[in-house]
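Input: a single structure, listed below in structure tokens.
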Amino acid sequence: MPGSSERLRNAMNIQANPTLTAAETALIDAFAARLSELPGDAAVMLRRDEAVERIKAGLPNRRVEAWHYTDLRRLLATVPPFDPAGDARPLSPLVEGSAVLPLLNGTATAAPVTVEGVAVEALPDLLADGRYAPALALAERDDAVGAINAAFVADGRAVEVAEGAEIARPIEVQNVVGAGQSHVRLPVRVGANARVTLVERQAGAAGGFATSVSSLTVGEGAEVLWVIVQERAADAAYLGQFNATIAKGGRLTLFFMNIGGKLVRQEVKVTAEGEACEFRLRGVNLLAGETHCDVTMVLDHLGYGATSTEVVRNIVLDRAHGVFQGQIRVAREAQKTDAKMACNTLLLSDEGEFSTKPELEIFADDVACGHGATVAEIDADHLFYLMARGIPEKEARGLLVKAFLAEVIEELDDEALVTALEERLNDWFAEHG
Amino acid sequence: MLEIRNLHARIAEDGTEIIRGLNLTVKAGEVAAIMGPNGSGKSTLSYILAGREDYEVTEGEILYNGESILEMDPAERAAKGIFLAFQYPMEIPGVATMEFLKVAMNSQRKARGEEPLKVPDFLKRVREATGSLQMNMDMLKRPLNVGFSGGEKKRAEILQMKLLEPRLCVLDETDSGLDIDALKVVADGVNALRAPDRAIVIITHYQRLLDYIVPDTVHVLYRGQVVKTGDKGLALELEKNGYAGVVGEAA
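Line by line, the protein sequences give chains A and B.
The first sequence runs 125 to 557 under the numbering used here.
The second sequence runs 205 to 455 under the numbering used here.
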């Protein structure tokens, strides 16, 4: 029988990873090298130090529950060096006429466009005077995305939408990275009864590594549509985190489309805080090649009578691996919660894989919560019907796969956005047949 | 136009034989009714003509304009001019009806080496066809057959038939689930398609539809075979005496 001190040592050995991976070493070294350039007052730098300690303790592996299907330690084997001069150019916006905020290789390049009712601040200012320090605090031990980002974040935009403002133009943030690294933050506050659409583009060239953390506050009665389009190069790594809190009567629709990347983790952490607020998550994952794409959602229902619906649709080709983890936690006070979650996958290759993990944790007794997950192939009856009208098999299959995804996209109540997203869909199919 | 010789077919999955030595000839310009009790193989025959993979032809031949169609997939058969109006048209969420019509029409044109339709020409054809079927164009913006009533689905089938202009039309229990007004509209739609170079095969359990689409020939299907052939009088006889008499005669 080992003594208690020995048991303790063994327990600690599980936490402390004696050998760091190439990626962990590179991140730690890069932090030391960049320390003098990173913006921030003493409070911010303290947060950065704490974040680097997390990296030193080792990136999460599959034994950490939240990372069970995405062994970050193994999958993020290396990271590229920072390359501020890398090839990263602004994109044409998803919807014409959008107010664009470009972040190229992790740096805001242009003065923000002025939109009435919207105030934009540069993140370095908030870091320099420490106003942003509290936001860099890491809560959960398994928050690796937050940790890497907090250590390195050097730029971003803080957006504030005035109370009652109705912003007609979408605001589009473009996070484009070349072959180097980019770590940005995007805090957004939407005032009471305001309405706004935000588009978050995550794009970039071969080999890049990027993290992006956004935190949104939806004010009372406000209505926000937030669209994430992740279209990175096929060998790029991307870790994203979307945090939101919704106040009383507020409505948030988060739409995501993952169409690129080699290693992708998109975290969604939402708190339905206010009474009768509403959260909708709609997303499509188009997975091909060697992509590993993980969408992990944690939704906390705190407010009375709030509703949430989540619909995620995936198609898997080649040797791609997709993951959807959806956790809904309903607090004791959150009576009359109505929460429904669905994850449907079309598996179009024998070597593809999709892992789904729905979780409901309910502490209130008067709620309606449900979840469903399906993995299927193309419906043979539907295929026969289309072919019986003269549509050749390949085209008929394509139509059905697109239809499966378009159903989710078309729920968005914005014609210009729907058209733009469907064009992306068509481009992707043209590329992947 | 259509010649079926000693056709034997079974359900691919479990090997149950459904069609057992069926012979049938339908000439261009002819309207043929195929009648029979439940389980006689009527719907199976329609699916086999359209090329559904759930059935396996083990013996015999289907010739369409003298050419065997057994090796053709459903899309090839459709492009050659064979059309099946489904008994239960499938609901396909996410595929807008209008888009579906355009893709179907242009796929068939492409297979025949014709240019795709220009948008105004396509719209004009759709508008004309919907008008004659008393259909609302707004319906076509909806996903294919999703939320359509039984009658709307059948009308949508006839609309597709009008637009695709097939040479051989097979209508599987088109009258089921239709009230009398809808039945008249659908029958008018079919009658308008009668032409010297087109054959129409109407599969039905009841004689009712044949009051509105008067057939040239009537064939009684029983246990996977055509057991009796006659003119429209045969349908009336069936209505009066039931299948038992005819089938008993054959057995």
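Glycine is no exception: its CB is placed at the ideal position from the N, C-alpha and C atoms.
When you compare the CB of residue i with every CB in chain B, is at least one pair closer than 7 Å?
i: G328 (chain A); result: no
i: Y193 (chain A); result: no
i: Q508 (chain A); result: Checking the sequence, you will find Phe at residue 508 (chain A) rather than Gln. Yes, contact with chain B.
i: E531 (chain A); result: yes
i: L349 (chain A); result: no
i: L523 (chain A); result: yes
Ignore the nearest five residues each way along the sequence and tell me which others in residue i's own chain have a CB closer than 8 Å to its CB.
i: S412 (chain B); result: Looking at the sequence shown, residue 412 (chain B) is not Ser but Arg. These residues qualify, in order along the chain: D379 and L387.
i: T403 (chain B); result: The displayed chain sequence assigns Ala, not Thr, to residue 403 (chain B). These residues qualify, in order along the chain: M205, L206, V230, K231, A232, G233, E234, V235, A236, R371, L372 and C373.
Using 10 angstroms around the beta-carbon of residue i, count the other beta-carbons present and answer buried if the total reaches 16, otherwise exposed.
i: A274 (chain A); result: buried
i: P205 (chain A); result: exposed
i: G427 (chain A); result: buried
i: L159 (chain A); result: exposed
i: L375 (chain B); result: buried
i: K444 (chain B); result: exposed
i: T202 (chain A); result: exposed
i: S393 (chain A); result: Just to set this straight, residue 393 (chain A) is Lys in the shown sequence, not Ser. Its Cβ being crowded by 16 or more others within 10 Å, K393 (chain A) is buried.
i: S353 (chain B); result: exposed
i: S272 (chain B); result: exposed
i: F487 (chain A); result: exposed
i: K518 (chain A); result: exposed
i: K526 (chain A); result: buried
i: G446 (chain B); result: exposed
i: S216 (chain A); result: exposed
Could you compute how far the alpha carbon of residue i sits from the alpha carbon of residue j?
i: N95 (chain A); j: G332 (chain A); result: Within the shown structure, residues of chain A are numbered from 125 to 557, placing residue 95 (chain A) beyond reach of any answer.
i: G245 (chain B); j: R427 (chain B); result: 7 Å
i: T415 (chain A); j: A327 (chain A); result: 15 Å
i: Q459 (chain A); j: R281 (chain A); result: 36 Å
i: E397 (chain A); j: L327 (chain B); result: 50 Å
i: P311 (chain A); j: V323 (chain A); result: 13 Å
i: S311 (chain B); j: D218 (chain B); result: 34 Å
i: P516 (chain A); j: R293 (chain A); result: 41 Å
i: A263 (chain A); j: A190 (chain A); result: 14 Å
i: V242 (chain A); j: T341 (chain A); result: 14 Å
i: E539 (chain A); j: V219 (chain A); result: 10 Å
i: E501 (chain A); j: V440 (chain A); result: 10 Å
i: L442 (chain B); j: D415 (chain B); result: 13 Å
i: E265 (chain B); j: A439 (chain B); result: 27 Å
i: S432 (chain A); j: I370 (chain A); result: 11 Å
i: Q364 (chain B); j: A512 (chain A); result: 11 Å
i: V348 (chain A); j: I406 (chain B); result: 55 Å
i: A391 (chain B); j: W350 (chain A); result: 51 Å
i: V437 (chain B); j: G355 (chain B); result: First, the residue type needs correcting, since residue 437 (chain B) is Gly and not Val in the sequence shown. So the two alpha carbons sit approximately 28 Å from each other.
i: V283 (chain A); j: E369 (chain B); result: 58 Å
i: E534 (chain A); j: L549 (chain A); result: 12 Å
Distance cutoff 7 Å, beta carbons only. Does residue i sit that close to anything in chain A?
i: A213 (chain B); result: no
i: M294 (chain B); result: yes
i: V405 (chain B); result: no
i: R256 (chain B); result: yes
i: V374 (chain B); result: no
i: V307 (chain B); result: yes
i: A282 (chain B); result: yes
i: A455 (chain B); result: The predicted model places A455 (chain B) with a pLDDT of 49, which falls under 50 and marks its position as unreliable, so this point remains unresolved.
i: S311 (chain B); result: yes
i: L288 (chain B); result: yes
Taking residue i as the query, report the chain A residues whose CB atoms sit under 9 Å from its CB, ordered along the chain.
i: A279 (chain B); result: L510, M511, A512, R513, G514, I515, P516, E517, E519 and A520
i: Q364 (chain B); result: R513
i: A315 (chain B); result: G514 and P516
If you drop the 5 nearest sequence neighbours on each side, which residues of the same chain put their C-beta closer than 6 Å to that of residue i?
i: P293 (chain B); result: N349, K357 and E361
i: G494 (chain A); result: K464
i: I272 (chain A); result: T335
For a contact defined as C-beta to C-beta under 9 Å, what are the partners of residue i on chain B?
i: F528 (chain A); result: P297 and G298
i: D249 (chain A); result: Residues of chain B passing the Cβ test: none, with the nearest at roughly 46 Å.
Please return the same chain residues whose Cβ sits closer than 7 Å to the Cβ of residue i, not counting the five positions on each side in sequence.
i: V168 (chain A); result: L251, G254, Y256, A257 and L260
i: H192 (chain A); result: R186
i: G270 (chain A); result: L262, V337 and Q365
Name, please, each residue of chain A whose Cβ falls closer than 8 Å to the Cβ of residue i.
i: L371 (chain B); result: Leu is not the amino acid found at residue 371 (chain B); the sequence shown has Arg there. Result: empty, since nearest Cβ-Cβ is about 13 Å, beyond 8 Å.
i: L368 (chain B); result: R513 and G514
Note down, in chain order, every chain B residue with its Cβ under 8 Å from the Cβ of residue i.
i: D489 (chain A); result: By Cβ distance, chain B contributes nothing, its closest Cβ being about 35 Å from D489 (chain A), past 8 Å.
i: D505 (chain A); result: M294
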